[in-house]
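Colleague:
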Amino acid sequence: MIPGPAFVILAVVLFVLGVVAFFLKRDLLTQFMAVEVMLNAANLAFLALSHPQDRAEAQVIVFFILTVAAAEAVVGTAIILHVFRQRKTVRTEDMGGLKG
Amino acid sequence: MAWIIFLLLSVLCVGSVAAMIISRNQAHNALFLVLCFACLGGIFGLLDAAFVAVVQILIYAGAIMVLFLFAIMMIDLKKAFPPERKRIVRILSAVLGGVFFIELILVARKALLTASGPAAAGAGNAAGIGHLLLTDYLFPFEITSLLLVAAIVGAVTLAGKKEPS
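Next up, the structure:
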C-alpha cells in the first residue's frame, strides 16, 4: 500500500517543475504546456488528498478542471495562432510592444 | 508491487517534464508531455480513480495534446527555436522553484503528517461520479457546457478570422 504523502509530494514536485518550466521557456506554446502541467499537478493533489476519505466529490472537481483545461487549451492555441499570423513569431522576447 | 508501479510512473512523469524543460524542440516537448500525462493517468488509477484515469488519458494525452501538436505544426518550426535564457534568469527560476517547493511542502504539511487510513473502495466509480454530477453538481455541470460552447465560438472566431491583406 502506497502512503498518501507520496502522491502529495509528487504533485508538489510536478507543480514546481511546471512553474520553473514556465519561467525558463521562451516560446508561448511551451509555456502554455507548462500551465497544463500545473493543472495536472492540482488534479493529482485533489485525488491524493481525497483518497483516504473515499469521497467521489474530488473526482467530480477533477472532471471540471479537465473540462476547463480543455476549453482553455482551445482558446489559448487559437490566440497563439492569431499572434503568430500577425507577428510571425511565438517568442516572448519579440513581444515587447507594451514595454515602451 | 504497487510501489514498483508508482515509482516507475512517477519517475517517468517527473523525468518527462524535466526533459521538456531541457529540450528546445516544441514537437518533442509536446510528445514528452503526452508521456507525462499518460503516466499521470496510471497514477490516478493507483488512487482508485479509474474513471478519471481513463478520462485523463483520453482527453489530456489524446485530445488536448493533439491540439497542441496541430498548433505546433501550423507554426514555422525553424524560426521557433528560442535561444537559451540568460544565466541570471536560470538561477532566479531555480531559486523561485526551491522557495515555491518549500512553501508548498509547508502548506501540505498537515496533510502529509496525518496517516492515511485504509481506503474503502466504491464511491469513486463511474456510477458514483455520474450520480454526483446529476444531483449535487448539476448546476456547475450545466455551466461547464456553457463554457465549452463559449470556448468553441471564441476559438472559431479567433482562429478562423481572415488576415487583412
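Line by line, the protein sequences give chains A and B. To convert, count from 1 in the first sequence and add 13; that's the numbering used here. To convert, count from 1 in the second sequence and add 614; that's the numbering used here. All C-beta atoms, glycine included, are put in the ideal place defined by N, C-alpha and C.
Count the C-beta pairs between the stretch 41 to 61 of chain A and the stretch 672 to 688 of chain B that are closer than 8 Å, then say yes if the count reaches three, no if not.
Modeller: Yes: at least three Cβ pairs fall under 8 Å.
Colleague: Tell me the rounded alpha-carbon separation between LEU746 (chain B) and ALA69 (chain A).
Modeller: Cα-Cα distance, rounded: 8 Å.
Colleague: Excluding the 5 residues preceding and the 5 following ALA55 (chain A) in the sequence, name in chain order all residues of the same chain whose CB lies nearer than 8 Å to its CB.
Modeller: Within the same chain, ALA55 (chain A) has close Cβ partners ALA24, PHE28 and ILE78.
Colleague: Alpha carbon to alpha carbon, how far is GLY629 (chain B) from LEU622 (chain B)?
Modeller: Cα to Cα, the separation comes out at about 10 Å.
Colleague: If distances are taken between C-alpha atoms only, which option among A:ILE22, A:PHE45, A:ALA82 and A:THR102 comes closest to VAL32 (chain A)?
Modeller: Ranking A:ILE22, A:PHE45, A:ALA82 and A:THR102 by Cα distance to VAL32 (chain A) puts A:PHE45 first.
Colleague: Run through chain B and tell me which residues come within less than 8 Å of MET46 (chain A), C-beta to C-beta.
Modeller: Going along chain B in sequence order, the residues near MET46 (chain A) (Cβ under 8 Å) are MET634, ASN643, ALA644, LEU647 and PHE682.
Colleague: Just checking: is the beta-carbon of ILE93 (chain A) within a distance shorter than 8 Å of some beta-carbon in chain B?
Modeller: Yes, ILE93 (chain A) counts as interfacial toward chain B.
Colleague: Please report the straight-line C-alpha distance between ILE618 (chain B) and ASN739 (chain B), rounded to a whole angstrom.
Modeller: Distance between the alpha carbons of ILE618 (chain B) and ASN739 (chain B): 24 Å.
Colleague: Tell me the residue span of the alpha helix (DSSP H) that contains LYS101 (chain A).
Modeller: Segment: none, LYS101 (chain A) is in no alpha helix (DSSP H) and carries neither H nor E.
Colleague: For ASP40 (chain A), which residues does DSSP report across the bridge?
Modeller: Beta-bridge pairing links ASP40 (chain A) to A:ARG104.
Colleague: Is DSSP giving SER637 (chain B) helix, strand or coil here?
Modeller: DSSP places SER637 (chain B) in coil when its eight states are reduced to three.
Colleague: Can you pull the chain A neighbours of ILE743 (chain B), defined as C-beta to C-beta under 8 Å?
Modeller: In chain order: ALA69, GLN72, VAL73 and PHE76.
Colleague: Below 8 Å between beta carbons is the criterion; list the residues of the stretch 644 to 673 of chain B that meet it against any residue of chain A, in chain order.
Modeller: Listed by position, the residues of the stretch 644 to 673 of chain B near chain A (Cβ gap below 8 Å) are ALA644, LEU647, CYS650, PHE651, LEU654, ILE657, PHE658, LEU660, LEU661, ASP662, ALA663, PHE665, VAL666, VAL669, GLN670 and ILE673.
Colleague: Any residues in the stretch 29 to 43 of chain A with a beta carbon nearer than 8 Å to a beta carbon of chain B? Which ones, in chain order?
Modeller: Flagged, chain order: VAL29, LEU30, GLY31, VAL32, VAL33, ALA34, PHE36, LEU37, LYS38, ARG39, ASP40, LEU42 and THR43.
Colleague: Between GLN640 (chain B) and ASP40 (chain A), is the Cβ-Cβ spacing less than 8 Å?
Modeller: The answer is yes: Cβ separation under 8 Å.
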